[in-house]
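Under numbering that gives the first Met the number 0, the residue at position 87 of the sequence shown is numbered 86, and the numbers go up by one with no gaps.
The C-beta atom is built at its ideal place from N, Cα and C for all residues, glycine as well.
Before any comments, here is the structure.
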Amino acid sequence: MTESQRKHIEKRLLEERRAVLHSLEGYKQQTATAEQDQDSDLSRFPLHLADEGTDTMQQELDASLAQRETRQLAEIDEALQRLYHDPERFGRDERSGKEIPFERLDIVPWARTTADGR
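Quick look at the structure:
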């Protein structure tokens with residue numbers, strides 16, 4: 000990987016990290032708003048049982064998405080660590096040692112393996 004490619008991947012990783020943090024902050028604000036709304040309600044019972052189901056489903060979906068984003072953030076942080084502390088290892092398949100194509104890293108800059116796994 001050339002130095003300019005490495006700089007490009009670093010920039011992509013930092014962009015992705017910012018996007019994930021922004022998304023996680025959104026989940027955090029939604030949760031805080033929902034809790035405030037729930038605390039300020041005179042009645043905790045929904046107007047209709049379907050409303051309660053919809054709210055529960057949305058909360059579970061948000062929690063699942065936040066969990067996925069948290070794992071992705073960890074992958075991005077680990078990729079940045081590899082890039083900064085062991086740049087020769089970065090961009091190489093962890094199993095085979097082959098170079099990961101730049102095109103793949105441009106799409107998934109935290110990739111640890113080649114797409115075909117060979």
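Margin query: For E98, list the residues DSSP reports as bridge partners.
Written below: Residue pairing by DSSP places E98 opposite R91 in a beta bridge.
Margin query: Quick check: L104 and I8, are their CB atoms within less than 8 Å of each other?
Written below: Cβ distance < 8 Å, so L104 and I8 count as in contact.
Check: Under 8 Å between the Cβ atoms of I75 and V19?
Finding: Taking a C-beta distance under 8 Å as the contact criterion, I75 and V19 qualify as a contact pair.
Item checked: Nearest-angstrom Cβ-Cβ length linking P108 and L23, presumed shorter than 8 Å -> For a cut-off of 8 Å, the C-beta gap from P108 to L23 is around 18 Å, too long to register as a contact.
Next item on the list: Ignore the nearest five residues each way along the sequence and tell me which others in F101's own chain have a CB closer than 6 Å to its CB.
Entry: Beyond the five residues adjoining it in sequence on each side, F101 comes within less than 6 Å, by CB distance, of Q4 in the same chain, given in chain order.
Checklist line | Other residues of its chain near A65: CB distance less than 7 Å, five sequence neighbours each side excluded | finding: Only L23 and Y26 meet the Cβ criterion.
Next item on the list: Would you mind stating whether R88 and T112 have Cβ atoms separated by less than 8 Å?
Entry: Cβ distance not < 8 Å, so R88 and T112 don't count as in contact.
Check: For D105, does the three-state DSSP call read helix, strand or coil?
Finding: The answer is helix: DSSP assigns D105 an H, G or I state.
Checklist line | Candidates R17, E98 and T1, of which the one nearest D68 by Cα | finding: Residue identity check: residue 68 is Glu in the sequence provided, not Asp. The option with the nearest alpha carbon to E68 is R17.
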